[in-house]
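J.: First residue of the sequence shown: 419, per the working numbering; consecutive thereafter.
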Amino acid sequence: MRFSGLRVLMEGLTGNKGWQAHWRDPAPKPEYDIVIIGGGGHGLATAYYLAREHGLANVAVLEKGYLGGGNIGRNTTIVRANYGLPGNSEFYSHSLKLWEGLEQDLNFNVMHSQRGIINLFHSDGQRDAYARRGNAMVNQGDDAILLDRDGVRKHAPYLDFDNARFPVRGGLYHPRGGTARHDAVAWGYARGADMRGVDLIQNCEVTGIDVENGAVTGVQTSRGAIRAKKVGIVVAGRSSQVAAMAGMRLPIESHVLQAFVTEGLKPVIDTVVTFGMGHFYISQSDKGGLVFGGDIDMYASYAARGNLPAVEHVMEAGMALMPMIGKARVLRSWGGIMDMSPDGSPVIDRADIEGLYLNCGWCYGGFKAVPGSGHCFAHLMATGRPHAAAQKFRLDRFRTGVGIMDEEGTGAQHNLH
Ligand SMILES: Cc1cc2nc3c(=O)[nH]c(=O)nc-3n(C[C@H](O)[C@H](O)[C@H](O)COP(=O)(O)OP(=O)(O)OC[C@H]3O[C@@H](n4cnc5c(N)ncnc54)[C@H](O)[C@@H]3O)c2cc1C
Numbered sequence: 419m420r421f422s423g424l425r426v427l428m429e430g431l432t433g434n435k436g437w438q439a440h441w442r443d444p445a446p447k448p449e450y451d452i453v454i455i456g457g458g459g460h461g462l463a464t465a466y467y468l469a470r471e472h473g474l475a476n477v478a479v480l481e482k483g484y485l486g487g488g489n490i491g492r493n494t495t496i497v498r499a500n501y502g503l504p505g506n507s508e509f510y511s512h513s514l515k516l517w518e519g520l521e522q523d524l525n526f527n528v529m530h531s532q533r534g535i536i537n538l539f540h541s542d543g544q545r546d547a548y549a550r551r552g553n554a555m556v557n558q559g560d561d562a563i564l565l566d567r568d569g570v571r572k573h574a575p576y577l578d579f580d581n582a583r584f585p586v587r588g589g590l591y592h593p594r595g596g597t598a599r600h601d602a603v604a605w606g607y608a609r610g611a612d613m614r615g616v617d618l619i620q621n622c623e624v625t626g627i628d629v630e631n632g633a634v635t636g637v638q639t640s641r642g643a644i645r646a647k648k649v650g651i652v653v654a655g656r657s658s659q660v661a662a663m664a665g666m667r668l669p670i671e672s673h674v675l676q677a678f679v680t681e682g683l684k685p686v687i688d689t690v691v692t693f694g695m696g697h698f699y700i701s702q703s704d705k706g707g708l709v710f711g712g713d714i715d716m717y718a719s720y721a722a723r724g725n726l727p728a729v730e731h732v733m734e735a736g737m738a739l740m741p742m743i744g745k746a747r748v749l750r751s752w753g754g755i756m757d758m759s760p761d762g763s764p765v766i767d768r769a770d771i772e773g774l775y776l777n778c779g780w781c782y783g784g785f786k787a788v789p790g791s792g793h794c795f796a797h798l799m800a801t802g803r804p805h806a807a808a809q810k811f812r813l814d815r816f817r818t819g820v821g822i823m824d825e826e827g828t829g830a831q832h833n834l835h
C-alpha cells in the first residue's frame, strides 16, 4: 500500500474502506538469520536497513510490548546535528542527512520539520564554547550561525532577555535542526521493514540469550525459543538487563527522563529553544501543545515515572526563560528509561561473544540518531565491519580510556550527561 495525495483523495471519496494494516502480525518462526531484540526506533530502523540496503529479510524484531511503546514514543522529538567532538560529529551529521530524505524513502509522513534550533548562551564563556561547537559543525559540513541578542530576539521575542540572573546574550542557531513526529518514525520504519519481509513480533519478551562455545545461537522468549545466527541488542533503557542475559556487564546506568506538554495554544514558538543555564528545552507541536523537558531524575531506576524535584526544576527553568509559559496549563507528563553511558555517547559495536551485537548508550539524545543508528548498525551486522560514520562508538573505550567522547566535559559520571 503506497501513500499519495491521489490515494488519500480516492479513499476519502470511497469511504476510507481501502486502507490496509501497516504491518502483519506473524507468529515467530523457529529460526532466523538475524534477531533484533527491541522494537523501538533503533531496532526497527536496523531491521529496515538490513532488508533495504543488504537484502537480508530473514530477520525478526522481537518486542516485549507494542511497537513504539518505549522511548521512541515518549521523547520530545528534537532532531539535530550540533555535536562538537569527532565521532559524534560525523555520526549525527550522517543521521541528519538520512532524516532529510526519510519521508520519501519510507513513503510515510513522519512530519519532519526543520524549524531550526537555538541553543541560548548567557555568559562570555558559554558564547566561546558555542562558537567552538558552531565551528566544528561547519567543519563537518553542517550549518551553524552564532546569533547576538538581537538575532535571537528576531526568532524568539517572547524570551525574558533581561532576566536578572540569566540574561540572554545570544544563541547558536542550527537552521536544519527541528522536530519530527516520534511515533510516526517507528510506524514508518516498521511498515518499511514489514514490506520487505521482516517479521515484527510484538508481545514477545526475550528472557534469555543462548550462547554455545563463545557464539550466540538464539534467544529464549515468552513465545518460545528462537534460533539465530546473529542477535542484536537494541533495548535502550533495558540494555544492562538484556546484556546480562549473555553474561555481560555493561557500563550503562538507567535513569528516568520526564517530558511535559501543555494544552493546545495558538502558534507562539516556531523554533526549538534550549536554555543555557538550566536544563530546559521547548518546541510547539503541530497540535499546539508546548512540548518541553529537562534533565534526568539523577538516580538510577527502571521506573518509567518521574519525581517532583525534577518537575520543579523544569518548571522553574521554564519560568526563568519565558515567564509567559506560566499561563499555560500542563496537560500531561510522562517518563522514559534512558541508557546513560559514562561519556554520554553511544555504543554500536560487536560483543566479545561471536554473533552478538550491541546498540546502546543513547542517553537522552537517541531520537535524532534513529536513522543513523539503524543504518550503521545494519551495516555492522550485515558486513561485520563498522560503518565509517560510527567507527568510534566502540565499547572498549570504557575499558581502555582511549576514544572517550565526553561532549559535556563532565567526566565519567552517567547522571551528568
Ligand atoms: C522524555 C524523553 C525525552 C527525550 N527527548 C529526546 C529528544 O528530544 N531528542 C532525542 O534525540 N532523543 C530524545 N530522547 C531519547 C530517545 O527517545 C531515546 O534515546 C531513543 O528513543 C532510544 O532508542 P529506541 O527508540 O530504540 O528506544 P525504545 O523505544 O525504548 O526501544 C527499546 C525497546 O526494547 C524493548 N525491550 C526491552 N527489553 C526487551 C526484552 N527483554 N525483550 C524484547 N523487547 C524488549 C522495549 O519494550 C522497547 O520498545 C528522549 C527520551 C525521553 C524519555
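We put the beta carbon where it would ideally sit given N, CA and C, even for glycine.
Could you say which of His600, Tyr607, Val616 and Ala738 lies nearest to Val709 if we only look at CA atoms?
T.: Working through the sequence shown from its first residue, we reach residue 709 at position 291. The candidate whose alpha carbon is nearest that of Val709 is His600.
J.: Looking at C-alpha atoms only, which residue of Tyr699, Gly712, Met799 and Val788 is the closest neighbour of Ile454?
T.: Translated into positions along the sequence shown, residue 454 becomes position 36. The shortest C-alpha separation from Ile454 is found at Met799.
J.: Within the continuous alpha helix (DSSP H) that includes Trp605, where are the two ends?
T.: Counting from 1 along the sequence shown, the entry for residue 605 is found at position 187. Its alpha helix (DSSP H) spans residues His600 to Met613.
J.: Using beta-carbon positions only, say whether Gly753 and Leu675 come within less than 8 Å of one another.
T.: Mapped onto the sequence shown, residue 753 falls at position 335. Mapped onto the sequence shown, residue 675 falls at position 257. In contact: Gly753 and Leu675 (Cβ atoms closer than 8 Å).
J.: Would you please state the rounded distance, in angstroms, between the beta carbons of Gly488 and Ala662? I believe it to be under 8 Å.
T.: As a working note, residue 488 is residue 70 in the sequence shown. As a working note, residue 662 is residue 244 in the sequence shown. The Cβ separation is near 19 Å, so there is no contact.
J.: Does Trp752 come out as helix, strand or coil in the three-state DSSP assignment?
T.: Mapped onto the sequence shown, residue 752 falls at position 334. Strand, per DSSP.
J.: In whole angstroms, what is the alpha-carbon distance linking Gly632 and Glu772?
T.: Stepping through the sequence shown from its first residue, residue 632 is reached at position 214. Stepping through the sequence shown from its first residue, residue 772 is reached at position 354. If you take the alpha carbons of Gly632 and Glu772, they lie about 6 Å apart.
J.: Compute the Euclidean distance between the alpha carbons of Arg583 and Phe539, then round it to the nearest angstrom.
T.: Numbered from its first residue, the sequence shown carries residue 583 at position 165. Numbered from its first residue, the sequence shown carries residue 539 at position 121. Arg583 and Phe539: Cα-Cα distance of roughly 13 Å.
J.: Which residue spans inside the stretch 439-476 form an unbroken alpha helix (DSSP H) run of at least 4?
T.: Runs found: 459-472.
J.: Need the endpoints of the alpha helix (DSSP H) that Lys515 sits in, please.
T.: For the purposes of this step, residue 515 is identified with residue 97 of the sequence shown, where counting begins at 1. Asn506 to Glu518 is the extent of the alpha helix (DSSP H) around Lys515.
J.: For ligand 1, any of its heavy atoms closer than 7 Å to the Cβ of Tyr607?
T.: What you label residue 607 is simply residue 189 of the sequence shown in a count that begins at 1. False, no ligand heavy atom lies under 7 Å from that Cβ.
J.: Got a sec, what are the start and stop residues for the beta strand (DSSP E) Leu538 sits in?
T.: What you label residue 538 is simply residue 120 of the sequence shown in a count that begins at 1. Where Leu538 is concerned, the enclosing beta strand (DSSP E) stretches over Ile535 to Phe539.
J.: Apart from the five residues on each side of it in sequence, which residues of its chain come closer than 6 Å, Cβ to Cβ, to Gly502?
T.: Position 84 of the sequence shown, counted from the start, is the residue given in the question as residue 502. So the qualifying residues of the chain are Arg551 and Ala554.
J.: Is the beta carbon of Trp780 within less than 7 Å of some heavy atom of ligand 1?
T.: Sequence index remark: in the sequence shown, residue 780 carries index 362 (1-based). Trp780 Cβ: within cutoff of ligand 1.
J.: Is DSSP giving Asp523 helix, strand or coil here?
T.: As a position in the sequence shown, residue 523 is number 105, starting the count at 1. Helix, per DSSP.
J.: Given 7 Å as the limit, tell me if Met756 has its C-beta closer than that to any heavy atom belonging to ligand 1.
T.: What you label residue 756 is simply residue 338 of the sequence shown in a count that begins at 1. Yes, Cβ of Met756 sits closer than 7 Å to a heavy atom of ligand 1.
J.: Helix, strand or coil for Lys648? Go by DSSP, reduced to three states.
T.: In the sequence shown, the residue the question calls residue 648 occupies position 230. Three-state result, Lys648: strand.
J.: What does DSSP give as the partner residue(s) for Leu776 in the beta ladder?
T.: Sequence index remark: in the sequence shown, residue 776 carries index 358 (1-based). BP columns for Leu776 point to Ile651 and Asp767.
J.: Which one of Asp580, Asn557 and Val637 has the shortest CA to CA distance from Asp568?
T.: As a first step, residue 568 must be located in the sequence shown, where it is residue number 150. Comparing Cα positions, the closest option is Asp580.
J.: Determine the DSSP secondary structure at Asp824, reduced to helix, strand or coil.
T.: Taking the sequence shown and counting its residues from 1, the one referred to as residue 824 is at position 406. DSSP places Asp824 in coil when its eight states are reduced to three.
J.: Specify, as a first and last residue, the run of the alpha helix (DSSP H) that Val556 falls within.
T.: Counting from 1 along the sequence shown, the entry for residue 556 is found at position 138. Taken as a continuous stretch (DSSP letters only), the alpha helix (DSSP H) holding Val556 covers Asp542 to Asn557.
J.: Is the beta carbon of Gly595 within less than 7 Å of some heavy atom of ligand 1?
T.: Position 177 of the sequence shown holds residue 595. No; taking the cut-off as 7 Å, the Cβ of Gly595 has no heavy atom of ligand 1 nearer than that.
J.: According to the neighbour-count rule (16 or more other Cβ atoms, all chains shown, within 10 Å of its Cβ), is Ser701 buried or exposed?
T.: What you label residue 701 is simply residue 283 of the sequence shown in a count that begins at 1. Buried, because 16 or more other Cβ atoms sit within 10 Å of the Cβ of Ser701.
J.: Measure how close the beta-carbons of Gly596 and His530 come, nearest whole angstrom, since I'm counting them as under 8 Å.
T.: As a first step, residue 596 must be located in the sequence shown, where it is residue number 178. As a first step, residue 530 must be located in the sequence shown, where it is residue number 112. The pair is a contact, with the Cβ atoms about 7 Å apart (cut-off 8 Å).
J.: Could you give the distance in angstroms between the alpha-carbon of Glu730 and the alpha-carbon of Tyr720?
T.: Residue 730 sits at position 312 when you count from the first residue of the sequence shown. Residue 720 sits at position 302 when you count from the first residue of the sequence shown. Their Cα atoms are separated by approximately 21 Å.
J.: For the candidate residues Val748, Gln638, Ile651 and Asn621, whose alpha-carbon lies nearest to that of Glu681?
T.: Along the sequence shown, read from residue 1 onward, the residue named residue 681 stands at position 263. Measuring from the Cα of Glu681, the nearest candidate turns out to be Val748.
J.: On the CB-based measure, 16 or more other CB atoms within 10 Å of its CB, does Leu462 come out buried or exposed?
T.: Taking the first residue of the sequence shown as position 1, residue 462 is located at position 44. By the neighbour-count rule (16 or more Cβ atoms within 10 Å), Leu462 is buried.
J.: So, does the stretch 800-808 touch the stretch 522-529, judging by three or more C-beta pairs under 8 Å?
T.: The stretch 800-808 vs the stretch 522-529: no contact.
J.: Judging by CA-CA distance, which residue of Glu521, Arg812, Gly433 and Met695 is the nearest neighbour of Val603?
T.: Position 185 of the sequence shown holds residue 603. It is Glu521 whose Cα lies nearest to the Cα of Val603.
J.: Going along the chain, which residues of its own chain have a beta-carbon closer than 6 Å to the beta-carbon of Glu671, five neighbours each way excluded?
T.: For this step, residue 671 is matched to residue 253 along the sequence shown. If we look at Glu671 and ignore the five residues flanking it on each side, its Cβ neighbours are Ala718, Met758 and His832.
J.: Only counting the same chain, and skipping five residues up and downstream in sequence, which positions put a Cβ closer than 7 Å to that of Ser640?
T.: Taking the sequence shown and counting its residues from 1, the one referred to as residue 640 is at position 222. Closer than 7 Å at the Cβ level, and outside the excluded window around Ser640, lie Cys622, Glu623 and Thr625.
J.: Closest to Ala547 by CA distance: which of Arg656, Pro585 and Asn500 is it?
T.: For the purposes of this step, residue 547 is identified with residue 129 of the sequence shown, where counting begins at 1. Cα-wise, what sits closest to Ala547 is Asn500.
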